[in-house]
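Visitor: Protein sequence lines correspond, in order, to chains Y and L. To convert a position in the first sequence, counted from 1, into this note's numbering, add 2. To convert a position in the second sequence, counted from 1, into this note's numbering, add 544.
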Amino acid sequence: MQIGGVKIADTFAEAFPMTAARAIVTADTAAWAETCGRTMAGYATSVIGCDAEAAIERTLAPEETPDGRPGVSVLVFAFSREALEKAMVKRVGQCVMTCPTTACYSGLPAGEKAIKVGGSLRYFGDGWQISKRLAGRRYWRIPVMDGEFTCEELFGTTKGVAGGNLILLGTDRAGVLRATEEAVAAMRRVPDVILPFPGGIARSGSKVGSKYKALRASTNTAYAPTLRGLVPTELPEGVSCVYEIVIDGLTLEAVERATTAGLHAGARADLGVTAITAGNYGGKLGPFHIRLHDVLKSSAAPTGAGG
Amino acid sequence: MSLTITWRGATALPVDGRTLKPATFAVMSVDEARRVAIRVGNGKVELGELFDVRGGGGGDGLTIEGDLRGVRGIGRRMAAGTMVLRGDVGAELGAEMSGGIIELHGSAGPYAGAEMRGGRLSIRGDAGDHLGAAYPGSRLGMREGVILVEGRAGEDVGAVMRRGLIAIRGDVGAGLGRGMIAGTALVLGAVGRQAGAGMKRGSLILPDLDGQAEAFLVPTFAPAGRYPAPFLEIYYRQLEAWGFAIPRAISSRMLHRYNGDVLIGGRGEVLAGIRGG
């Protein structure tokens, strides 16, 4: 299958379940909300080396937020609810509470599987924190130096899907990067997903394991152009650059929609992209298999796809 | 079955309305409802002697109509369902209720919502003294739930309340939140003297004042400067969802804050509005 002269590999991205939360961060201005969201999602690209995977999902208009101020929604993923709670408490405590004018609310309903965030951070108030309960939700108001930090006690969680991915291969680094940026821009318009790597793009794709026992992951030698001739390669002749986009979503459908959007926007033969593929572990790692050909066939988007 | 009960004005004796709540009539026919015992003076009569009872209209709600000022305790300890009242009612409307919704299209006597534990009490007219307050000798007033008053309210609103929300569009008398332990009372009108006196924690939110809070606060409240309170927007939006409209001119962006009552720890707060703030 091809899109605009770019080969779409007949393969699948292998994704796995992760627990997710959505934080609604508000501030007096959109700029401070954005700053806060970016800070909260810092150092959260991959659970290979971080406590969580996180990124800004989208910006929110004042009428979309609980306190009527501009905001951003941040999705945070971790391997378990306990790990997610730890990461959220640290990230909200160190990156949201510290940020001028902000407040933080749960963007998912807090059912039985909720994690305690404001309920842990309240102790920073040293006894001067104020609890407010309204319509079944509890908020903590913690005195800080510019007034108060408001944080919801419980944040709802859901079982999300992490590790969806696209891998773009091409002949020219600048061109492939631009095509990948355009794919990222299209994928970020899909709700309920994040692309946690810098600018949504990873250049250091990894494989499981290493010759060094202490490492859980190491460079994906099969996709490293400079190792051609030394190790088995997956790179066709002429490919000199590979970029990966990792997708975490609240649902499998959201990850599939983002995959479709990325395939259409990233298939830029004019920028030197020759093929788009996806990473998997032969089906041994995760239960979710996102087949590139299947998502393209089931999408209604105009493709220009050829056989 | 939905039931409508209409007061016939058949007695001048005080009537104990505690049986008048949706649960009483949940599985009854109209005839059975007419035979429900109700206390009048020091005796009991059948409901049908005082009220016209008719059914129909679908749903499982209860509607009570007429001049009910002589009926006290309507909806007392109500736990579920919806009850609509058309006409003024006596004391203790919804007192100690723990769930459900009472909608009063009229005014209520004293002790409405007293020691309430949950649910929502909506009063379209005025409320008397001791709204959401504790009974004499009791240590706790309202403990949970929501009271909305479109008109005015009397003295000692929310006295010794422990939790919950009271919102009043009109003026309130003296002693608002007196001895308050926690919870939130929001008043859009004028406030009588000694508001918050002896309050331990809790919030008195007076967003339509213009820096006049010193006039009615006791001296044991400490001014704490101007204060942005974005969390109030959460309250405003929820109140709007409950049908209690907040005027557009009212803002959560900046309020005067007073901490008190410092005689007993000072963890309560009075947030008073700044026009154009």
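Backbone N, C-alpha and C fix where the C-beta goes; we use that ideal spot for every residue, glycine too. Note that the structure is predicted; figures quoted are calculated from it, not measured.
1. Quick check on the DSSP output: the alpha helix (DSSP H) that includes residue 92(Y) runs from which residue to which?
2. Taking the alpha-carbon of residue 289(Y) as reference, which of 190(Y), 183(Y), 267(Y) and 163(Y) has the nearest alpha-carbon?
3. Tell me the rounded alpha-carbon separation between residue 738(L) and residue 613(L).
4. Taking the continuous alpha helix (DSSP H) assigned at residue 297(Y), which residues delimit it?
5. Put residue 668(L) into one of helix, strand or coil per three-state DSSP.
6. DSSP on residue 813(L), reduced to helix/strand/coil?
7. What residue range is occupied by the uninterrupted alpha helix (DSSP H) comprising residue 551(L)?
8. When the distance is taken between beta carbons, is residue 690(L) closer than 7 Å to residue 664(L)?
9. When you compare only the Cα positions, how much space is there between residue 185(Y) and residue 193(Y)?
10. What residues in its chain sit with their C-beta under 8 Å from that of residue 282(Y), if we drop five residues either side in the sequence?
11. Is the Cβ of residue 173(Y) closer than 7 Å to any Cβ of chain L?
12. Decide if residue 310(Y) is buried, meaning its Cβ has at least 16 other Cβ atoms within 10 Å, or exposed.
13. Write down the C-beta distance between residue 23(Y) and residue 78(Y) rounded to the nearest angstrom, noting that I regard them as a contact closer than 8 Å.
14. For the segment 129 to 163 of chain Y, which residues have a beta carbon sitting closer than 9 Å to at least one beta carbon of chain L?
15. I believe residue 647(L) touches residue 682(L) by the beta-carbon criterion, under 8 Å. Please report the beta-carbon distance rounded to the nearest angstrom.
16. As a quick exercise: from 167(Y), 216(Y), 217(Y) and 241(Y), pick the residue whose alpha carbon is nearest that of residue 254(Y).
17. Along chain L, in chain order, which residues have C-beta atoms closer than 9 Å to that of residue 70(Y)?
18. When the Cβ atoms of the segment 109 to 127 of chain Y are set against those of the segment 20 to 40 of chain Y, are three or more pairs found closer than 8 Å?
19. Which of the three DSSP states is assigned to residue 517(L) in this structure?
20. Give the single residue among 219(Y), 260(Y), 161(Y) and 243(Y) whose Cα lies nearest to the Cα of residue 170(Y).
21. Answer with yes or no whether the minimum CB distance from residue 771(L) to chain Y is below 7 Å.
22. According to DSSP, which residues form a beta bridge with residue 172(Y)?
23. Based on the DSSP output, what are the partners of residue 560(L) in its beta bridges?
24. Is residue 702(L) closer than 7 Å to residue 734(L) when the C-beta atoms are compared?
25. One question on the structure: do residue 236(Y) and residue 225(Y) come within less than 7 Å of each other, judged by their Cβ atoms?
26. With DSSP run on the structure shown, which of helix, strand or coil describes residue 209(Y)?
27. Name, please, each residue of chain L whose Cβ falls closer than 7 Å to the Cβ of residue 35(Y).
28. Go through its chain and collect everything with a Cβ distance to residue 765(L)'s Cβ below 6 Å, but skip five positions before and after it.
29. Residues of chain Y with CB under 9 Å from residue 799(L), in chain order?
Guide: The relevant details are as follows:
1. By one-based count along the first sequence, residue 92(Y) stands at place 90. Residues 83 to 93.
2. In the first sequence, counting from the first residue as 1, residue 289(Y) sits at position 287. For the residues 190(Y), 183(Y), 267(Y) and 163(Y), the minimum Cα distance to residue 289(Y) belongs to 163(Y).
3. Here residue 738(L) corresponds to residue number 194 of the second sequence, with the count starting at 1. Here residue 613(L) corresponds to residue number 69 of the second sequence, with the count starting at 1. About 29 Å.
4. Sequence index remark: in the first sequence, residue 297(Y) carries index 295 (1-based). Note, residue 297(Y): alpha helix (DSSP H), 294 to 300.
5. As a position in the second sequence, residue 668(L) is number 124, starting the count at 1. Coil, per DSSP.
6. By one-based count along the second sequence, residue 813(L) stands at place 269. In the structure shown, residue 813(L) sits in a strand (DSSP, three-state: E or B).
7. Here residue 551(L) refers to the residue found at position 7 of the second sequence. Looking at the DSSP string, residue 551(L) is not in any alpha helix (DSSP H); the run it does join, the beta strand (DSSP E), is 547 to 551.
8. Residue 664(L) sits at position 120 when you count from the first residue of the second sequence. Residue 690(L) sits at position 146 when you count from the first residue of the second sequence. Closer than 7 Å, so yes.
9. Counting from one through the first sequence, the residue named residue 185(Y) turns up at place 183. Counting from one through the first sequence, the residue named residue 193(Y) turns up at place 191. Roughly 15 Å between the two C-alpha positions.
10. Taking the first sequence and counting its residues from 1, the one referred to as residue 282(Y) is at position 280. Correct list, in chain order: 13, 14, 15, 16 and 291.
11. Within the first sequence, the letter at position 171 stands for residue 173(Y). By this cut-off, residue 173(Y) is not an interface position.
12. Absent from the model: residue 310(Y). The displayed extent of chain Y is 3 to 309, so no value can be given.
13. Translated into the one-based positions of the first sequence, residue 23(Y) becomes position 21. Translated into the one-based positions of the first sequence, residue 78(Y) becomes position 76. Indeed, because the Cβ distance is near 5 Å, the residues count as touching under 8 Å.
14. 129, 130, 132, 133, 134, 135, 136, 137, 139, 141, 143, 148, 149, 150 and 152
15. Looking up residue 647(L) in the second sequence gives position 103. Looking up residue 682(L) in the second sequence gives position 138. That pair is no contact at about 26 Å.
16. Residue numbering aside, residue 254(Y) sits at position 252 when the first sequence is read from its first letter. Comparing Cα-Cα distances from residue 254(Y) to each of 167(Y), 216(Y), 217(Y) and 241(Y), the minimum goes to 167(Y).
17. For the purposes of this step, residue 70(Y) is taken as the residue at position 68 of the first sequence. The answer, in chain order, is 774, 777, 778, 780, 781 and 796.
18. yes
19. Absent from the model: residue 517(L). The displayed extent of chain L is 545 to 821, so no value can be given.
20. By 1-based counting over the first sequence, the position of residue 170(Y) is 168. The option with the nearest alpha carbon to residue 170(Y) is 243(Y).
21. By one-based count along the second sequence, residue 771(L) stands at place 227. By this cut-off, residue 771(L) is an interface position.
22. For the purposes of this step, residue 172(Y) is taken as the residue at position 170 of the first sequence. DSSP lists 243(Y) and 275(Y) as partners of residue 172(Y).
23. As a first step, residue 560(L) must be located in the second sequence, where it is residue number 16. 583(L) and 616(L).
24. Translated into positions along the second sequence, residue 734(L) becomes position 190. Translated into positions along the second sequence, residue 702(L) becomes position 158. Not in contact: residue 734(L) and residue 702(L) (Cβ atoms no closer than 7 Å).
25. The count along the first sequence starts at 1 and reaches residue 236(Y) at position 234. The count along the first sequence starts at 1 and reaches residue 225(Y) at position 223. Yes, the Cβ-Cβ distance between residue 236(Y) and residue 225(Y) is below 7 Å.
26. For this step, residue 209(Y) is matched to residue 207 along the first sequence. In this structure, residue 209(Y) counts as strand in the three-state DSSP scheme.
27. Taking the first residue of the first sequence as 1, we reach residue 35(Y) at position 33. Correct list: empty, because the minimum Cβ distance to chain L is about 12 Å.
28. Looking up residue 765(L) in the second sequence gives position 221. Once the five neighbours on either side are set aside, the close Cβ partners of residue 765(L) are 802 and 804.
29. Indexing the second sequence from 1 puts residue 799(L) at position 255. Simply none; closest approach about 10 Å.
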